[in-house]
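First the structure, in the form of structure tokens, and then the observations on it.
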Ligand code: BGC
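Residue numbers (the working numbering): 17 to 762.
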């Protein structure tokens with residue numbers, strides 16, 4: 017485990033970001049900063065509020081001309097850039113465009129910029145969530161929850177590099193990603209956009225992803241600027257629905273919610289998007305403590321903060337903390353929001369201008385926001401190279417991109433249960449059933465070619481669905497498909513049961529349709545009843561049922577677990593998911609994914625693995641269907657010889673933890689070695705255990721290796737009674753697999 021990245025978590029409130037430290041005495045401003053100051057001095061107040069304004073592409077497009085028919089309206093574009101002087105445009109109008117069309121759009125924008133007084137480039141932003149998902153024929157990777165299930169930082173970094181490559185090749189330099197909201201509320205329809213429930217795993221995944229997107233120089237022709245979102249606490253709605261309130265105290269914020277965002281800020285993400293919802297009565301866009309105090313002051317963040325969609329207006333229309341639309345603008349800008357995703361009109365610029373004229377928003381605050389926006393444009397090299405690069409377009413697609421995606425999909429699959437029915441023998445008669453067997457869209461989920469991801473016709477015909485992949489890998493054995501059920505309703509369970517009579521084995525591909533944001537709200541975490549009935553009925557035939565779960569949330573399985581001889585959680589594995597699932601079912605690939613969340617057994621079973629002691633008492637059994645970190649393989653591993661280099665640790669010291677891991681089975685396999693630490697007593701109730709390190713290793717049959725972790729005192733810090741990160745002496749337990757040991761922090 018590299019300790020480097022964790023240091024800042026502990027020193028968070030005392031150190032500004034190292035690379036962005038402000039010198040004590042004012043040195044003469046040179047380089048890009050001097051250029052920014054020169055520009056600022058030349059800008060009128062209208063140009064400044066324009067920079068802070070972001071509109072959606074619809075505003076500059078011919079109405080109702082979507083997808084292939086999309087056209088920019090030149091007059092509206094001139095109005096946006098020359099009259100309103102907008103700093104940023106975002107989004108896609110309806111559905112993904114070709115690379116060529118993106119180039120036309122970006123070039124058209126720059127043509128108008130060149131007619132403007134100061135020629136400040138427009139920053140285009142897009143939601144490249146799992147690849148360049150708004151460009152046709154881009155690689156669609158596993159979504160975050162499945163990426164986290166790989167526990168493979170290299171693969172995640174590589175996926176991000178390719179996503180950046182194809183986004184920038186489309187001419188777009190900025191993605192609204194990664195999502196650093198922690199995934200602890202499985203009802204939330206954006207659960208799958210998170211890297212799961214664990215602070216450490218999510219922080220490392222997010223940092224690796226950001227490194228992949230930005231590299232060491234974000235101005236490089238194949239890199240894009242990242243955006244930390246949705247800052248902060250968006251993922252914890254009390255009732256599980258999108259954009260509803262969370263109730264979070266400062267200690268929980270600092271210990272569980274904020275660290276993943278901070279890890280990505282420190283990995284260099286230069287923009288942040290605000291939580292569309294509210295925390296303990298304070299809307300994200302009015303939360304000066306979170307934006308001004310924590311993000312900008314404590315973490316020393318020098319990039320800019322963008323609102324989420326229409327959310328400044330909503331401070332008035334929805335949240336009612338602002339009595340007028342103008343007051344909403346004042347509150348958000350004074351809380352630290354630098355750019356408004358308005359996104360359908362220019363009201364923000366007009367109202368902000370009024371605030372400045374009245375004096376309710378000082379010009380110094382406007383200058384601060386514009387300075388931050390110009391800095392990011394400068395870092396991206398947009399002043400020098402504002403246009404899309406035609407050479408990049410020519411290299412858009414490469415075979416190795418698809419290979420990386422296939423590896424990611426393979427490693428994302430989690431084998432939850434296997435009663436010996438897997439892997440499947442080839443050439444047998446297979447009945448495939450269920451709503452998700454023959455669709456590519458459901459493997460990808462939302463943010464896939466369209467917002468809701470449900471336009472099956474837009475997905476590449478070259479990629480197999482799960483059904484097609486099973487057909488092609490079954491060596492000519494008969495594969496029959498009977499759907500049986502839709503997601504929420506029965507189609508014909510009797511037909512599926514009848515077909516089972518002539519099958520050797522049944523593969524039931526269950527789960528969820530595609531969804532994104534509020535349209536994905538549900539009232540019940542259980543797998544819809546018709547799907548459960550189908551598995552029950554098929555199991556009653558006595559034929560072995562293998563259930564594959566495709567979707568973005570852990571839907572409660574009821575009798576499905578018991579009735580399935582094999583259970584594979586496929587999550588949202590992306591466009592190679594069909595092939596990867598079939599390869600795992602036939603044993604061509606040995607599964608190595610591990611759950612990045614605790615799979616609940618019951619609809620109220622929201623207990624995370626790092627729960628408090630009082631959550632796992634006799635009266636409160638945790639009741640997971642499958643625990644965090646769980647995932648089977650077709651081999652067996654033996655853990656032995658857990659050793660600590662010392663029995664005590666100094667306050668600024670560290671110890672080494674080693675363990676032997678042996679592949680005792682007959683197949684080569686990958687294993688995720690997970691290091692957990694429990695603080696036995698502390699001034700605020702300690703979590704049951706906390707993940708402090710992991711390594712994904714590969715071992716051949718019979719091979720043994722020693723895995724070594726360094727555990728530093730800093731890793732044992734926690735947020736104490738005073739809401740500050742502290743260290744407290746005392747006993748700690750170390751756990752790897754079923755082995756435990758202990759040491760004392762002096
Ligand atoms: C979502 C953001 C997204 C933005 C722009 C909002 O509705 O909450 O995650 O980046 O739209 O598309």
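Positions of the beta carbon are idealized from the N, C-alpha and C atoms, including for glycine.
Cβ distance (whole Å) where residue i is taken to contact residue j below 8 Å
i           : j           : result
residue 519 : residue 547 : At roughly 19 Å, the Cβ-Cβ gap does not stay under 8 Å, so residue 519 and residue 547 are not in contact.
residue 306 : residue 248 : 6 Å
residue 521 : residue 571 : Their Cβ separation, rounded to whole angstroms, is 23 Å, which puts residue 521 and residue 571 out of contact at 8 Å.
residue 134 : residue 229 : Contact flag wrong, Cβ pair sits at about 28 Å.
residue 285 : residue 331 : In fact, because the Cβ distance is near 25 Å, the residues do not count as touching under 8 Å.
residue 721 : residue 681 : Actually they do not touch by this definition, with Cβ atoms about 15 Å apart.
residue 280 : residue 189 : Contact flag wrong, Cβ pair sits at about 18 Å.
residue 243 : residue 210 : About 15 Å separates the two Cβ atoms, so there is no contact after all.
residue 417 : residue 172 : About 15 Å; that fails the 8 Å criterion.
residue 469 : residue 460 : 6 Å
residue 16  : residue 544 : The structure shown does not extend to residue 16, since the chain spans only 17 to 762, so no value can be given for it.
residue 653 : residue 678 : 7 Å
residue 560 : residue 126 : Not quite, the Cβ-Cβ distance comes to about 60 Å (not below 8 Å), so this is no contact.
Cβ-heavy atom distance, residue i to ligand 1, below 6 Å
i           : result
residue 192 : yes
residue 327 : no
residue 143 : yes
residue 335 : no
residue 197 : no
residue 324 : yes
Selected residue, minimal CA-CA separation from residue i, among the options
i           : options            : result
residue 558 : 572, 389, 655, 515 : 515
residue 201 : 212, 195, 192, 193 : 212
residue 673 : 667, 658, 702, 687 : 658
residue 140 : 69, 203, 424, 172  : 69
residue 251 : 261, 243, 242      : 261
residue 255 : 183, 538, 138      : 538
residue 80  : 182, 582, 111      : 111
residue 589 : 164, 662, 45, 362  : 164
residue 66  : 424, 421, 368      : 368
residue 601 : 316, 343, 377, 448 : 448
residue 670 : 649, 729, 679, 653 : 729
residue 422 : 594, 470, 625      : 594
residue 489 : 502, 536, 439, 509 : 439
residue 103 : 160, 313, 388      : 388
residue 455 : 435, 399, 482      : 482
residue 319 : 352, 433, 632      : 352
residue 267 : 733, 487, 83       : 733
residue 178 : 83, 625, 144       : 144
residue 326 : 221, 313, 291      : 291
residue 689 : 667, 645, 701      : 645
residue 716 : 348, 685, 124      : 685
Short CB-CB distance (under 7 Å) between residue i and chain B
i           : result
residue 274 : Any reference to chain B falls outside this structure, which holds one protein chain only.
Neighbourhood of residue i by C-beta, 7 Å cutoff - its chain only, sequence neighbours within 5 removed
i           : result
residue 77  : 86, 87, 88, 89, 109
residue 72  : 106, 107, 359, 360
residue 372 : 61, 379, 382
residue 758 : 747, 748, 749, 750
residue 563 : 524, 526, 551, 576, 580, 583
residue 364 : 69, 328, 345, 356, 358
residue 224 : 169, 172, 173
residue 39  : In this prediction, residue 39 has a pLDDT of 47, which is less than 50 and means its spatial position is unreliable; nothing more can be read from the coordinates.
Contact set for residue i: own chain, Cβ-Cβ below 8 Å, skip 5 residues either direction
i           : result
residue 754 : 655
residue 152 : 112, 113, 114, 115, 465, 474
residue 540 : 619
residue 760 : 663, 664, 665, 745, 746, 747, 748
residue 692 : 705, 706, 707, 708, 750, 751, 752
residue 494 : 445, 446
residue 532 : 205, 206, 461, 462, 463, 467, 468, 469
Contact set for residue i: own chain, Cβ-Cβ below 6 Å, skip 5 residues either direction
i           : result
residue 430 : 165, 585, 609, 611, 647
residue 37  : In this prediction, residue 37 scores a pLDDT of 43, lower than 50, which makes its location untrustworthy; the coordinate-derived value is nonetheless stated afterwards. Nothing meets the Cβ criterion.
residue 235 : 396, 397
residue 511 : 498
residue 567 : 527, 528
residue 231 : 239
residue 569 : 202, 207
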